[in-house]
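Number of protein chains: 4
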Amino acid sequence: MSSTMGRLFRVTTWGESHGKGLGCTIDGCPPGVRLDLERIQAQLTRRRPGQSKLVTPRQEPDRLEILSGVFEGRTTGTPIQVVIWNKDADSSKYERWKDTYRPSHADYTYDAKYGLRDWRGGGRASARETAARVAAGAIAEQLLEERYGVEIVGWVEQVAHLSAEVDRDAITRDLVDAHPTRCPDLAVAEAMAELIQETRVARDSLGGVVGCVARGVPAGWGEPVFDKAEALLAWAMMSLPASKGVEVGSGFSGALMRGSEHNDLFTTDDDGRIVTTTNYSGGIQGGITNGMPITMRVAFKPVATLARAQATVTASSDPAEILMKGRHDPCVLPRAVPLVETMAALVLIDLALLQEARRP
Amino acid sequence: MSSTMGRLFRVTTWGESHGKGLGCTIDGCPPGVRLDLERIQAQLTRRRPGQSKLVTPRQEPDRLEILSGVFEGRTTGTPIQVVIWNKDADSSKYERWKDTYRPSHADYTYDAKYGLRDWRGGGRASARETAARVAAGAIAEQLLEERYGVEIVGWVEQVAHLSAEVDRDAITRDLVDAHPTRCPDLAVAEAMAELIQETRVARDSLGGVVGCVARGVPAGWGEPVFDKAEALLAWAMMSLPASKGVEVGSGFSGALMRGSEHNDLFTTDDDGRIVTTTNYSGGIQGGITNGMPITMRVAFKPVATLARAQATVTASSDPAEILMKGRHDPCVLPRAVPLVETMAALVLIDLALLQEARRP
Amino acid sequence: MSSTMGRLFRVTTWGESHGKGLGCTIDGCPPGVRLDLERIQAQLTRRRPGQSKLVTPRQEPDRLEILSGVFEGRTTGTPIQVVIWNKDADSSKYERWKDTYRPSHADYTYDAKYGLRDWRGGGRASARETAARVAAGAIAEQLLEERYGVEIVGWVEQVAHLSAEVDRDAITRDLVDAHPTRCPDLAVAEAMAELIQETRVARDSLGGVVGCVARGVPAGWGEPVFDKAEALLAWAMMSLPASKGVEVGSGFSGALMRGSEHNDLFTTDDDGRIVTTTNYSGGIQGGITNGMPITMRVAFKPVATLARAQATVTASSDPAEILMKGRHDPCVLPRAVPLVETMAALVLIDLALLQEARRP
Amino acid sequence: MSSTMGRLFRVTTWGESHGKGLGCTIDGCPPGVRLDLERIQAQLTRRRPGQSKLVTPRQEPDRLEILSGVFEGRTTGTPIQVVIWNKDADSSKYERWKDTYRPSHADYTYDAKYGLRDWRGGGRASARETAARVAAGAIAEQLLEERYGVEIVGWVEQVAHLSAEVDRDAITRDLVDAHPTRCPDLAVAEAMAELIQETRVARDSLGGVVGCVARGVPAGWGEPVFDKAEALLAWAMMSLPASKGVEVGSGFSGALMRGSEHNDLFTTDDDGRIVTTTNYSGGIQGGITNGMPITMRVAFKPVATLARAQATVTASSDPAEILMKGRHDPCVLPRAVPLVETMAALVLIDLALLQEARRP
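Chains as they are written, first to last, in numbering that gives the first Met the number 0: chain A, 0 to 359; chain B, 0 to 359; chain C, 0 to 359; chain D, 0 to 359.
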């Protein structure tokens, strides 16, 4: 435990990187939803390695199979089992290092916690686990869009010191996917691409920041005091591998502002709907959405796997040096974009259903 | 819902700012713990207003009363009910504005969600709700310290643009409490105090950052993949009023680093224990503690309540101006320190008990 | 743990028999409900001792106080804290026996589990704990009636070998309360009353069966496969002190029937609504309500507290004899009626809200 | 929802009778357990149809496959995914009746709840869903036996009016499996077998009662007040298809006894261990195990599927007659035995782990 998230739209993921497969059980998806499998597959494809020369050339087809919960194309309200089979995983390069702890990976902590671990390809701690989440998130996104008109868009906002300017009201996935970096600020995107290639050659890696907006969320979602919308979003984002920080609305920059500047004044829009003149709150006040766009930023550390020798210790606490061969992503930010969207969608659909329960 | 946090050490808070009182139920506290009530009271006192000229002069005595779950001074393993009575709350100044939404407060969103709200003193959305958490957190801290040797210390690291340098290995609560700002870097602390006084005069408010470290946490706590230690910490911190961002370890600054720099290399200390040479991971790898200090930072927005007129709308969407009289904190950062410690303690005790369950 | 039940309408009880008080937190009650406090008090009064000469003459006023979650007479959607203060509890008679295990009480098992216990009046294991549930259940009943037209009625169906005939379609609480035994079959009720008096004189005690019906429940409530309506009802009933068995629909007598006899054939009623010609299913099929009355029976063992000497052991495993003075109920069945109604209501309101969440 | 049970040993089942397969995710199984797959398979085989001429001759091989959570033969502490593939399911006979509600099945209630259903073979409501539970229960049983010395044995105690005498202290699975009825009282077993054959010829069906004992459970398991051991057992048993009643200890017969007779007096055994001279409590007092054998009885209604015409209605509320061809079990009691054992094991392992968490 705990591989389950959500109270009403409950997602349980399972599986290891080099086992037979991985997947998730979605319990609580409303019945009667006509699933758009191509859409789910598309989001899975955005996550997988090998999409461009910027990311690792490993090819993981990531074809999903649905084993239950869908009948004649529609959800039945019973658990949906999604599986993504692992194919041709070669664990040999991991075997040599199975007793040597990779720096800033979870090898040591899994051993410390469980007393043993599946060392093949990182096992359960592999980022490949997130593929299962993406499948569930794509279903959540479909529901959010069809029933509530919610649209979630993420993008690469920063790679190392390179920062992009993004218009959160106008950004779309098409604009994001227009460049392989998934940075929609094309001048910055080009510089990022160049930096990524240089870093690959230098056998090093990069971190960065993913931005995300959820537009169209109605006022009233979020469950104070512990399941506030921003709290659940922060939790969801920080459950992603390699994430080190999260912001909602003004985030850390809000700490620099005065209250007279930061307060979002209420007014009405042309339709008479209550809105705010600014949105430093990031669409959430007191843990509850206020109808303005929800804005988030998630920091990712640089990739821990490096194509260079590093000092470490073995499971018997002996000093060692590790050098794992293979081609690795120097920067996972482009692939992190659908992950951030996924986690936002999974949080929001659960809050939506919880709010439905309140209205008899 | 949901006013409950934790899976084994479960805390449910209840109560509004100007109702009869507020409190919490702690279900799952191990039996046989000899409660140190003075210690609990001390942490409550650190949270309450009126401690110094820097914070609001409102006097809330915040005396706790335990109604159940403790017998002859020891916990019985059954639910502990803690109540903090509200005294002499004067709601009259709120009555005038009950239909006018205070900017960047939760008035509008509570109405949008629930259709009505207790407008007296902010009701359930008041930061006073956190007093109940502090009581529970102080019990958790006692358990963490006695059974696991864990020590949690928070401090004010930043107010507006003023940033302190703090030695996370050496900082203690005594050092923190030596200055009313709770900033242990005394030169910066004085500047902060001055800025807070200026801001009060200017009828404005300030935000900032609280830093926190948990030392002595053993390797092995945290429940991948969704209840990773950093995910739960992020969630807990972002459930605090006014928090806008959270970092674990390197946080957003980690996004600027190269992997070769960020990776925490393993070695052994003088006792042969596995440690890392740096701690950019912040004591957590793959969602599981690695025995190094857990480091966190939490961003708080400037206080929303201002002693000046602000534009807003009423519940019937009419434009309005609001000016709420009274003396308010221009900066809650000093009082946020025990809150951050509290949330860290509540997350960690739950992870500790979950890990106990794994070892038969 | 666990003193919490429910997923959306969540009730956490706390408190011991002779502590300061006991109560419950209700988290998730829909907002805007105008609470009928007299109704809640009335159900509490039906549970308390001293209502008639048939039950214990102890007087527990059981006046409830609401500390939070209700504003201007209506629920706010935030946690409702209900407290029932303990008054003048005399624990002296318990002190003498605090190290002697009462037969068929929870003294030994609480010690075995927790290592210590509040021995005053049975502490947490006292049936007095159920008073808190009754308060929550009365609120649930009000919601079920107003929003869904559900009516729940329980009665004493059996005391020892004396069994009543009760028309489940026509029974009302007024008919039930017409006799102090709460058995609506008046001839049998008189025999029960006589037997109870005889048993009191004989310093012995009696068990029995409470019957219950929930009429007006719409089709569609219940959450397969684990939270089937009958499963949750069975769990709820068996969480009551002294309950030893539970039946839904035909129960154990269904085991004696042939399928051709037991199957409830579908037809339509005068309004064209689908109904069944018989109701051996007890209103639930496949874990989901079918619109027919839900019928239940709960068996209670004879009261464990006897006004006679009994052999036992002490906490140090020494043989002992126990004889606890005081006046005790020889038969709690009349007071168990509101408890069974309470548990049914708490299960059904939660299933109602869960089904609301499914309908966007 | 909800297809998940357990708080620490959490089992989520998924899958429909005639879909691609069914299975379960076990999240929270302690790491390092060397799984005995043959043992799991053996229990699955005890559940499946076609074991003897007494039960349906349908052949479901029910071979399990483990997709995750086990590495080099041992559990890793991460989610275990078990799948049982469906083979050669012929849904044609169901297609004809897809709009006609089978009496006392879940066709109508699933439609009422979800608005649609997978009608093939009963879909999610099929008893085949329990195969997934059995796999999880067999793992739980292995843990209970190895770590705690707990042994669980179920048997057929009653078929229609035929009741067996069973020695709960001596009964073993070998004795139970010695007769195809799984009734260890061989004279009664023969009469049951004859009655089952007669009933098959008569195109009718039978109900009955399964008895079960858990021996070796230590004192201290169970979580008052809502997750009392007997409450969770009742819930678990009543979540089984066709169950209508459950008893722990004396059950409904306890309602007939006097307190002086029913009270289990404490004494010590030869090892100085506290025991009771009788066990009407069924091994549980105040919701917590007392070290005596846990005894249960579960009533099952007669099988709803009959090889004869029955009156019913269609989904459009029109009167209809249904006659579903095929060979069906006239009595599922022998196959219900492993199900009752399974549910007991799943409840007990969770309570065991919860109690571990209490002991730091």
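Using N, Cα and C, we set each Cβ at its ideal position, and we do this for glycine too.
Residue i by DSSP, collapsed to three states: which one?
| i | result |
| --- | --- |
| A:E37 | helix |
| C:A310 | strand |
| D:V10 | strand |
| B:W220 | coil |
| D:A188 | helix |
| A:Q50 | coil |
| D:W234 | helix |
| D:M4 | strand |
| C:G206 | coil |
| C:V212 | strand |
Under DSSP, the alpha helix (DSSP H) around residue i begins and ends at which residues?
| i | result |
| --- | --- |
| C:D176 | R172 to D176 |
| A:K112 | D106 to Y113 |
| C:P333 | L332 to R357 |
| D:V165 | Here D:V165 belongs to no alpha helix (DSSP H), and DSSP marks it neither H nor E. |
| B:T129 | T129 to L142 |
How many Å lie between residue i and residue j at the Cα?
| i | j | result |
| --- | --- | --- |
| C:A241 | D:G285 | 8 Å |
| D:L205 | D:C23 | 30 Å |
| B:D203 | A:G258 | 6 Å |
| C:Y100 | D:W220 | 18 Å |
| C:D270 | D:V212 | 48 Å |
| D:T44 | D:V224 | 37 Å |
| C:G136 | D:G290 | 33 Å |
| C:H178 | C:L34 | 28 Å |
| D:Q354 | D:I138 | 19 Å |
| B:Q157 | B:V32 | 36 Å |
| B:R199 | B:V155 | 18 Å |
| B:T129 | B:Q141 | 18 Å |
| A:I348 | A:A356 | 13 Å |
| B:K112 | A:A218 | 7 Å |
| C:V187 | C:P337 | 20 Å |
| D:W84 | A:K324 | 38 Å |
| B:A88 | B:S16 | 8 Å |
For residue i, report the span of its beta strand (DSSP E) as first-last.
| i | result |
| --- | --- |
| D:G153 | E150 to V158 |
| D:E320 | P318 to I321 |
| D:T24 | G20 to D26 |
inquiry  = Threshold first: 3 residues or longer. Then list the beta strand (DSSP E) segments lying entirely within the segment 62 to 100 of chain D, N to C.
reply    = 63 to 67 and 79 to 84
ask   = Listed in chain order, which residues of the segment 108 to 127 of chain A have Cβ atoms closer than 7 Å to some Cβ of chain B?
value = T108, Y109, A111, K112, R123 and A124
inquiry  = So if I threshold CB-CB distances at 7 Å, which residues from the segment 274 to 288 of chain B count as touching chain C?
reply    = none
key: Residues, ordered as in the chain, of the segment 9 to 21 of chain D that lie near chain A by beta-carbon distance below 9 Å   = R9, T11, T12, W13, G14, E15, G18, K19, G20 and L21
task = Note down, in chain order, all residues in the segment 257 to 270 of chain A with a beta-carbon under 7 Å from any beta-carbon belonging to chain B.
result = R257, G258, S259, H261, N262, D263, L264, F265, T266 and T267
request  = Could you run through the segment 220 to 233 of chain A and flag, in chain order, every residue whose CB is less than 7 Å away from some CB of chain B?
outcome  = E222, P223, V224, F225, D226, K227, E229, A230, L231 and A233
message = Threshold first: 3 residues or longer. Then list the beta strand (DSSP E) segments lying entirely within the segment 245 to 298 of chain D, N to C.
response = 265 to 267 and 273 to 275
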